[in-house]
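Asker: Pasting a structure here, questions to come.
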Amino acid sequence: MSVIAGAVDCVSEPVLTSGDRFEHVMALHFDPQGSASRGVVRAIVDRDGRVDEPGFVDRSRLYTVAMDSPYDARIEGAIEIDGAQSVVAGLPEAEDRTFLGFEDPNLWREDGTVHLYCTIPLLDRSSDTLSMYLGHAEGPDIDTLSMTAPTLGPEPDHAGAKELAVAPLTRAGVRHNLVESSDRRDGRTYSVLRTATATDLGTPWRYGGVALHPDDLPHDWCAGHLSTGPLLPRSFVDLGPDRRVGLLNGRSATERVAGRDRFGTFAVGMMVYNTETGTVEWVSDRPLIDDPAARTITFASAFRELEDTGVIYAHVDDDSIRAYRVDPDALAALVPPAA
1 MSVIAGAVDC VSEPVLTSGD RFEHVMALHF DPQGSASRGV VRAIVDRDGR
51 VDEPGFVDRS RLYTVAMDSP YDARIEGAIE IDGAQSVVAG LPEAEDRTFL
101 GFEDPNLWRE DGTVHLYCTI PLLDRSSDTL SMYLGHAEGP DIDTLSMTAP
151 TLGPEPDHAG AKELAVAPLT RAGVRHNLVE SSDRRDGRTY SVLRTATATD
201 LGTPWRYGGV ALHPDDLPHD WCAGHLSTGP LLPRSFVDLG PDRRVGLLNG
251 RSATERVAGR DRFGTFAVGM MVYNTETGTV EWVSDRPLID DPAARTITFA
301 SAFRELEDTG VIYAHVDDDS IRAYRVDPDA LAALVPPAA
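Residue numbers for the sequence shown follow the UniProt record's numbering, beginning at 1 and rising by one.
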């Protein structure tokens, strides 16, 4: 296990595997404000291409998950969202693009309402390009959800948003959330972190600027692409009222191998995010977790705080989801003080 010594301990047995039902599983998430006994997961029902090469296409479906313990989960049934079909069909690109299924679920609870966010990917097969919406559904629980209009969608200068991290409220009463988006620079397309300001959890949000760009960082481990992981609660690592430790999924640069582009490897690092200003103040110079069993992907999707430890959940090559125990004091010691 490649980890930063003393901070992370890998649980040997996977929390969840694809088993015989699905080709791949990924993106485990559960309600961080309520019971963690149930959650959601993305299952790949069909994959065309190789995950380490550009151009692969996944078809996905979301399922509920029962957590028998923090380290053992079972996949239940497919999530049914009322009104989902009509919302997707009403998107401008839906008529001439292929909907690939909901992806990358993220749960949030506030004032008794569960909010489910998910990627709505629409594929243009003629150009192999995607338009991405950040879908939203809400209800009293994950079994009773109704879909609303997406919170975010594609813009003229980028393809849209996915992979959400919900930020705390600012003193002005808004949230500077983080999403994965895209940016082109010098002929290359990068995955970047972009802010998305929300005045309400269930109504459309407003894009901000690029909060973090791999081309602006000196670190090899995240030189190709970036995607946000969860922001850790202040009760776990306290950096003050406006700063949060966040997990950061980074991919090393794409390489040319035998005449074909080959993606770099994904690993899990750390960042410090100022939730009041919507700025990333610091990025770790090396990964926190880079699972040796992974051929190309170690990707964090969820965090759970227990009585004396924290647990990071990450999928490894989309084949299994593993748990990594985190020591809060050792983790806090890795973070530099505020400037």
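No residue lacks a Cβ here, since even glycine has one placed at the ideal position from N, Cα and C. Predicted model only: the values in this text are computed from it and were never measured.
Compute the distance between the beta-carbons of R244 and L232, then report whether it is under 8 Å.
Answerer: Contact: yes.
Asker: Excluding the 5 residues preceding and the 5 following P230 in the sequence, name in chain order all residues of the same chain whose CB lies nearer than 8 Å to its CB.
Answerer: Same-chain partners within the cutoff: P32, A165, G246, L247, A300, S301, A302 and F303.
Asker: I'd like the span of the alpha helix (DSSP H) that includes P328, first residue to last.
Answerer: P328 -> alpha helix (DSSP H) spans P328 to A333.
Asker: DSSP three-state call for P121: helix, strand or coil?
Answerer: Correct three-state label for P121: strand.
Asker: Mapping the DSSP letters down to three states, classify D216 as helix, strand or coil.
Answerer: D216 falls in the helix class under three-state DSSP.
Asker: On the three-state DSSP scale, how would you describe V11?
Answerer: Three-state result, V11: coil.
Asker: Which residues does DSSP list as the beta-bridge partners of T129?
Answerer: Per DSSP, D124.
Asker: Identify the continuous beta strand (DSSP E) that holds S86 and give its terminal residues.
Answerer: From DSSP, S86 is part of no beta strand (DSSP E) but of the alpha helix (DSSP H) over A84 to A89.
Asker: When DSSP labels each residue in this structure, what does M1 get in the three-state scheme?
Answerer: For M1, the predicted model reports a pLDDT of 43, less than 50, meaning its position is unreliable; a value from the coordinates is still stated below. Coil at M1, not helix or strand.
Asker: Using three-state DSSP, classify residue 414 as helix, strand or coil.
Answerer: Limits of the chain in this structure are 1 at one end and 339 at the other, which puts residue 414 out of reach.
Asker: Can you grab the Cα-Cα spacing for the pair G19 / G240, in whole Å?
Answerer: Their Cα atoms are separated by approximately 43 Å.
Asker: Apart from the five residues on each side of it in sequence, which residues of its chain come closer than 7 Å, Cβ to Cβ, to W221?
Answerer: Excluding sequence neighbours, W221 sits near G250, S252, A267, G269, R286 and P287.
Asker: Measure the alpha-carbon distance for E155 versus V174 and round it to whole angstroms.
Answerer: Going from the Cα of E155 to the Cα of V174 covers about 22 Å.
Asker: Which one of N177, W282 and D186 has the shortest CA to CA distance from P204?
Answerer: Considering only alpha carbons, the answer is N177.
Asker: Across which residues does DSSP place I321 in a beta bridge pair?
Answerer: For I321, which the question treats as bridged, DSSP gives the partners L16 and H315.
Asker: Leaving out five residues on either side along the sequence, give the residues of the same chain with a beta carbon under 8 Å from the beta carbon of residue 363.
Answerer: The displayed coordinates of the chain run from 1 to 339. Any statement about residue 363 would go beyond what the structure contains.
Asker: Leaving out the 5 sequence neighbours to the left and right, which residues in its chain are closer than 7 Å to L201 when beta-carbon positions are compared?
Answerer: Excluding residues within five positions, the ones whose Cβ falls inside 7 Å are W108, E110 and H115.
Asker: Near V45, what residues of its chain come up, given a Cβ to Cβ distance below 8 Å and the 5 sequence neighbours on each side ignored?
Answerer: Answer for V45: F22, E23, R59, S60, R61 and G101, listed in chain order.
Asker: Hey, V65 and A323 are a contact pair by Cβ (cut 8 Å); roughly how many whole angstroms apart?
Answerer: Their Cβ separation, rounded to whole angstroms, is 13 Å, which puts V65 and A323 out of contact at 8 Å.
Asker: Apply the 10 Å Cβ neighbour rule to P337 and answer buried if 16 or more other Cβ atoms are within range, or exposed otherwise.
Answerer: The residue is exposed, with fewer than 16 neighbouring Cβ atoms inside 10 Å.
Asker: On the CB-based measure, 16 or more other CB atoms within 10 Å of its CB, does S235 come out buried or exposed?
Answerer: Classification for S235: exposed.
Asker: Just the C-alpha distance for I142 and E103, rounded to the nearest angstrom, thanks.
Answerer: For I142 and E103, the distance between alpha carbons rounds to 15 Å.
Asker: Any chance you could list the beta strand (DSSP E) runs of at least 3 consecutive residues sitting entirely within the stretch 247 to 289, in chain order?
Answerer: With a minimum length of 3 residues, the continuous beta strand (DSSP E) runs that stay inside the stretch 247 to 289 are 255 to 257, 260 to 262, 266 to 274 and 279 to 283.
Asker: Can the beta-carbon of G310 be found less than 8 Å from the beta-carbon of V335?
Answerer: Contact: no.
Asker: Under a Cβ-count criterion, where at least 16 other Cβ atoms within 10 Å of its own Cβ denotes burial, should M1 be classed as buried or exposed?
Answerer: Residue placement at M1 is flagged as unreliable, the pLDDT there being 43, under the threshold of 50; the coordinate-derived value follows with that caveat. Burial call: exposed.
Asker: Figure out for me which residue from T144, S146 and L28 has the closest Cα to the Cα of P70.
Answerer: Of the candidates T144, S146 and L28, the one whose C-alpha sits nearest the C-alpha of P70 is L28.
Asker: With DSSP as the reference, identify every bridge partner of L145, one or two as the case may be.
Answerer: Looking at the DSSP assignment, L145 forms a beta bridge with I81.
Asker: Can you say whether A330 is buried or exposed, counting buried as having 16 or more other CB atoms within 10 angstroms of its CB?
Answerer: Flag for A330 reads exposed.
Asker: Suppose the cutoff is 7 Å on Cβ atoms and the five residues either side in sequence are ignored; what does the same chain contact list for V183 look like?
Answerer: The sequence given here has Asp at residue 183, not Val. H158, Y190, V192, V210 and H213, listed in sequence order.
Asker: Determine the burial state of G224: buried for a count of at least 16 other Cβ atoms within 10 Å of its Cβ, exposed for fewer.
Answerer: Classification of G224: buried, given that the 10 Å Cβ count is 16 or more.
Asker: On the CB-based measure, 16 or more other CB atoms within 10 Å of its CB, does A339 come out buried or exposed?
Answerer: Exposed.
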